[in-house]
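Take a look at the structure set out below.
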Amino acid sequence: MRFLTVSLHPVLQRTCEIASLQENQVNRCLSLRVDASGKGVNVTRVLHQLGKEVMHLTQLGGVLARYFVSLTSRDGLALSWVDSGSEIRICTTLLSQSAHTATEIVEEAPPVSPHTDEQMRARFLQLLPGIRMVILSGSKAPGFTADILPWMVRQAKARGVQVLLDYRGRDLLDSLAYKPDLIKPNRQEFQDTFFPGRSIVSDMQIMEKMIALEQDGIHVVLTDGAQPVWYVQGGRVVRRPVEAVVPINVIGSGDAFAAGLAAVWSESGDMDAAVDKALWCGKQNARLIKPGVIRLQDKEHF
Numbered sequence: 000m001r002f003l004t005v006s007l008h009p010v011l012q013r014t015c016e017i018a019s020l021q022e023n024q025v026n027r028c029l030s031l032r033v034d035a036s037g038k039g040v041n042v043t044r045v046l047h048q049l050g051k052e053v054m055h056l057t058q059l060g061g062v063l064a065r066y067f068v069s070l071t072s073r074d075g076l077a078l079s080w081v082d083s084g085s086e087i088r089i090c091t092t093l094l095s096q097s098a099h100t101a102t103e104i105v106e107e108a109p110p111v112s113p114h115t116d117e118q119m120r121a122r123f124l125q126l127l128p129g130i131r132m133v134i135l136s137g138s139k140a141p142g143f144t145a146d147i148l149p150w151m152v153r154q155a156k157a158r159g160v161q162v163l164l165d166y167r168g169r170d171l172l173d174s175l176a177y178k179p180d181l182i183k184p185n186r187q188e189f190q191d192t193f194f195p196g197r198s199i200v201s202d203m204q205i206m207e208k209m210i211a212l213e214q215d216g217i218h219v220v221l222t223d224g225a226q227p228v229w230y231v232q233g234g235r236v237v238r239r240p241v242e243a244v245v246p247i248n249v250i251g252s253g254d255a256f257a258a259g260l261a262a263v264w265s266e267s268g269d270m271d272a273a274v275d276k277a278l279w280c281g282k283q284n285a286r287l288i289k290p291g292v293i294r295l296q297d298k299e300h301f
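The sequence shown finishes on residue 301 if you use numbering that gives the first Met the number 0, and the numbering steps up by one all the way, no holes.
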């Protein structure tokens with residue numbers, strides 16, 4: 000198995016298309032779909048569509064756990080999960096056809112049961128042999144210990160496994176000591192993590208921090224929506240323009256970007272080529288209604 004993706008905060012994603020979002024009015028869905036989602040699942044789905052071997056590790060619980068499993072099975076995903084006893088959160092995306100916008104309503108999950116943290120660690124170690132790259136994405140559900148994500152980074156790196164991180168804040172800061180290979184926050188997350196409490200951070204300060212991390216062996220790729228992607232190459236920050244698209248659904252585009260980045264960089268170490276593939280994957284996702292995909296199955300629709 001080449002990739003292991005991990006998400007500690009899974010989602011059932013409801014995507015509702017409406018003609019135009021009107022506050023304080025009745026808004027009727029023109030179409031509705033439900034997908035297994037969350038950052039880790041989205042990354043997994045895109046890697047799978049890129050033809051990569053990938054296993055996803057997560058926690059599930061409650062009455063919707065089997066439904067979640069059935070949705071990942073429908074997508075052809077390899078899934079390993081620990082029963083957490085925690086109901087899966089449901090998040091809702093409202094897509095406005097007229098404005099080409101996506102409004103996201105995010106739930107918080109209830110705490111996982113006390114045994115979940117220990118079982119997730121054990122399962123993670125069981126799955127590590129034979130893995131080329133671990134991708135850790137997103138937040139953790141309530142009930143996990145504060146150090147579980149940094150611990151996973153440490154375990155993977157101790158075994159010579161590449162690590163890509165797509166999370167922020169204390170989890171990210173505490174993970175840096177173990178030298179993850181790649182971090183992929185967006186610009187706001189990077190600023191909030193490395194310059195906390197500061198409302199204004201200059202481009203130069205951002206670039207200096209990126210270069211310092213690169214010199215410490217940690218590659219940084221910064222996304223910023225439709226603005227250029229930043230990454231370090233040859234001791235300087237490269238700004239790669241993002242092609243403008245008319246979006247259908249941008250939810251999951253950052254995860255598609257991460258999958259494309261991982262797919263190329265893990266094999267070649269070529270950051271220019273990896274960012275090219277990442278941008279292509281993010282663009283394809285934005286053109287489709289299903290989150291975390293670069294193409295739809297024949298039975299699905301735009």
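We put the CB at the ideal spot given by N, CA and C, even for glycine. Since the structure is predicted, the reported quantities are computational estimates derived from the model, not experimental observations.
Just curious, the beta strand (DSSP E) that residue i is in, first and last residue?
| i | result |
| --- | --- |
| Arg238 | Arg235 to Arg239 |
| Thr100 | Thr100 to Ile104 |
| Asp165 | Gln161 to Asp165 |
| Ile134 | Met132 to Lys139 |
| Ala64 | From DSSP, Ala64 is part of no beta strand (DSSP E) but of the alpha helix (DSSP H) over Ala64 to Arg73. |
| Leu260 | Where Leu260 is concerned, there is no enclosing beta strand (DSSP E), although the alpha helix (DSSP H) it sits in stretches over Ser252 to Ser267. |
| Ala35 | Ser30 to Ser36 |
| Glu16 | Val10 to Ile17 |
| Arg158 | Here Arg158 belongs to no beta strand (DSSP E), and DSSP marks it neither H nor E. |
| Leu56 | Val53 to Leu59 |
| Ser6 | Phe2 to Leu7 |
| Ala77 | Ala77 to Asp82 |
| Thr92 | Arg88 to Ser95 |
Quick one, are the C-beta atoms of residue i and residue j less than 7 Å apart?
| i | j | result |
| --- | --- | --- |
| Ala101 | Arg88 | no |
| Gly281 | Ala255 | yes |
| Ala285 | Gly259 | no |
| Val152 | Val162 | yes |
| Cys90 | Val68 | no |
| Val81 | Thr115 | yes |
| Ser30 | Val10 | no |
| Arg235 | Trp229 | no |
| Met203 | Gln232 | no |
| Gln48 | Ile293 | yes |
| Leu3 | Phe143 | no |
| Arg158 | Leu127 | yes |
| Leu94 | Glu16 | yes |
| Pro227 | Pro240 | yes |
| Leu46 | Val5 | no |
Let me confirm a value: residue i is counted as buried when at least 16 other C-beta atoms fall within 10 Å, else exposed. Which label applies?
| i | result |
| --- | --- |
| Ser201 | exposed |
| Ala225 | exposed |
| Gly60 | buried |
| Pro290 | buried |
| Ile288 | buried |
| Glu299 | Residue placement at Glu299 is flagged as unreliable, the pLDDT there being 47, under the threshold of 50; the coordinate-derived value follows with that caveat. Exposed. |
| Thr14 | buried |
| Asp297 | With a pLDDT of 41 at Asp297, under the threshold of 50, the modelled position of this residue cannot be trusted, and the question is left open. |
| Gly268 | exposed |
| Ile205 | buried |
| Gln222 | One detail in the question is off: residue 222 reads as Thr in this sequence, not Gln. So Thr222 ends up on the buried side. |
| Leu70 | buried |
| Ile199 | exposed |
| Ala176 | exposed |
| Pro184 | buried |
| Pro149 | buried |
| Leu172 | exposed |
| Val274 | buried |
| Gln214 | exposed |
| Ser83 | buried |
| Gly253 | buried |
| Ala145 | exposed |
Grab the span of the alpha helix (DSSP H) containing residue i for me, first residue to last.
| i | result |
| --- | --- |
| Phe123 | Thr115 to Leu126 |
| Ile276 | One detail in the question is off: residue 276 reads as Lys in this sequence, not Ile. Here the alpha helix (DSSP H) through Lys276 covers Met270 to Ala285. |
| Gln226 | That residue, Gln226, is in no alpha helix (DSSP H); its beta strand (DSSP E) goes Gln226 to Gln232. |
| Ile205 | Asp202 to Gln214 |
| Asp173 | Gly168 to Ser174 |
| Asp223 | Careful: Asp223 lies outside any alpha helix (DSSP H), inside the beta strand (DSSP E) at His218 to Asp223. |
| Arg186 | Arg186 to Phe193 |
Please report the Cβ distance between residue i and residue j, rounded to the nearest whole angstrom; I am assuming they are in contact, meaning their Cβ atoms lie under 8 Å.
| i | j | result |
| --- | --- | --- |
| Val111 | Ser136 | Not a contact, Cβ separation roughly 17 Å. |
| Ile182 | Ile210 | With a Cβ gap of about 14 Å, Ile182 and Ile210 do not count as contacting. |
| Gln12 | Asp34 | 5 Å |
| Lys208 | Phe193 | 5 Å |
| Ala18 | Gln118 | About 46 Å separates the two Cβ atoms, so there is no contact after all. |
| Met132 | Ser265 | 4 Å |
| Leu212 | Val219 | 5 Å |
| Ile134 | Ala257 | 7 Å |
Quick check: the segment 66-76 against the segment 28-44, are at least 3 beta-carbon pairs closer than 8 Å?
Touching, yes, given that three or more Cβ pairs across the two stretches are closer than 8 Å.
Segment contact flag, the segment 121-139 with the segment 13-32, C-beta cutoff 8 Å, min 3 pairs:
Contact between the segment 121-139 and the segment 13-32 is not established, with fewer than three Cβ pairs separated by less than 8 Å.
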